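These notes concern the structure reproduced below.
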Amino acid sequence: MRRAAARVGTSILVLAALWGLWEGYRWLWIHEGWTWPFVVNDTTMPHLHDIFAALWGSASPGGVGPRLITVLVKGALFTAKEAAAGFAIGALGGFALGVLLAQFRLLQRGLLPWIVASQTVPILVVAPMVVVWANPKLPDSLKDWGAVALIAAFLTFFPVTVNTIRGLQSADRRALELMRSYAAGDWRILWKLRFPAALPYIFAALKISATASVVGALIGELPSSIPNGLGAQIINFSQYYTTQPRGLWATNLIAAALGISFFLIVLIAEKLVVRRAPENLV
């Protein structure tokens, strides 16, 4: 209980420090004439309290319509559906691929360089192609958002694949020799020894992939012309940024909160699954 309270208190202190740095730098730039490293004004760096206040204002530039927080929460839920589907596809696919490559070293030497190369292609280039290729083949219920989930999966699978390989190969050699001395088969060794040893590595990758899936979903929404997600709101408020920057900042704030939520879900799952320190797993 004390540890949890300490973590909450630390998080609050960090947020307060960031708030103070933001407002302090803004004040110094405007009132003291700082000119480094970038221009600061109400457009480029609005007050944080104005950004939060904008959430409770109208989503429409004309001041008519639902509250911005209502629109953004609905958009975040839609984007969360895409990101969750992409995370599940990418995590399961990455884990299966990692197990396969860890078991067959020759296959690992042949495929791993190409898997690494796939991540050097800019996602903004890949996203429109995936939308064009996948949409005609998807059922009506998955049109548009299903293609976005595939883009999120593309960003998700790589960390899981690499860390699964690394984790499965991290098992203690003495434990491996002991199991082989008892004539344990490869698959029994995999699930009884290698997999438990790999759990910390896998969850480290899942935490990275959780936030990457949200980024992938947002990027995938841009060429998809999906009006329901946060990506559409980012495009919409970008058009009014010079006159109403708080709308875009508020949208970015909700998108960041969505990514943090995904991270925390994986963190909680890790606490429930990995109950022992890595060095005690084997």
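In terms of our numbering, the sequence shown has 144 at position 144, counting the first letter as 1, and numbering is strictly consecutive. We put the beta carbon where it would ideally sit given N, CA and C, even for glycine. Small disclaimer: the values here were computed from a predicted structure and weren't measured.
Three or more pairs of CB atoms, one per stretch, sit closer than 8 angstroms, so the segment 157-177 contacts the segment 186-193. By the Cβ rule, the segment 243-252 does not count as touching the segment 123-134, because fewer than three pairs are nearer than 8 angstroms.
Note on the segment 120-193: whole alpha helix (DSSP H) runs with a minimum of 4 residues are 123-134, 145-168, 173-181, 186-189, in chain order. Linking residue 18 to residue 48 through their CA atoms gives a straight-line distance of about 10 angstroms. Looking at 21, 41, 71, 22, the one whose alpha-carbon comes closest to that of residue 236 is 71. Rounded to the nearest whole angstrom, the CA to CA distance from residue 207 to residue 167 is 15 angstroms. Of the candidates 221, 239, 61, the residue whose Cα lies closest to the Cα of residue 231 is 221.
Secondary-structure assignment with DSSP links residue 238 through no beta bridge to anything.
Rounded to the nearest angstrom, the gap between the Cα atoms of residue 80 and residue 134 is 20 angstroms.
Counting only unbroken stretches of 4 or more residues, the alpha helix (DSSP H) elements lying wholly within the segment 61-103 are 68-103, in sequence order.
A direct Cα-Cα distance of roughly 34 angstroms separates residue 256 from residue 169. Look at residue 58 here: in three-state DSSP terms it is strand. In the DSSP assignment, residue 34 falls outside any alpha helix (DSSP H), carrying neither H nor E. Across the structure, residue 93 and residue 60 are spaced so that their CA atoms are roughly 41 angstroms apart. By the Cβ rule, the segment 191-205 does not count as touching the segment 242-249, because fewer than three pairs are nearer than 8 angstroms. Taking residue 76 as the centre and dropping the five residues before and after it, the same chain places the C-beta of 230, 254, 258 closer than 7 angstroms to its C-beta, in chain order.
Taking a C-beta distance under 8 angstroms as the contact criterion, residue 274 and residue 203 qualify as a contact pair. Here residue 228 carries a coil assignment [DSSP, helix/strand/coil]. For residue 108, the enclosing alpha helix (DSSP H) starts and ends at 105-118. In this structure, DSSP gives residue 274 a state outside helix and strand, which the three-state scheme calls coil. Distances from the CA of residue 85 to each of 216, 37, 180 were compared; the closest alpha carbon is that of 216.
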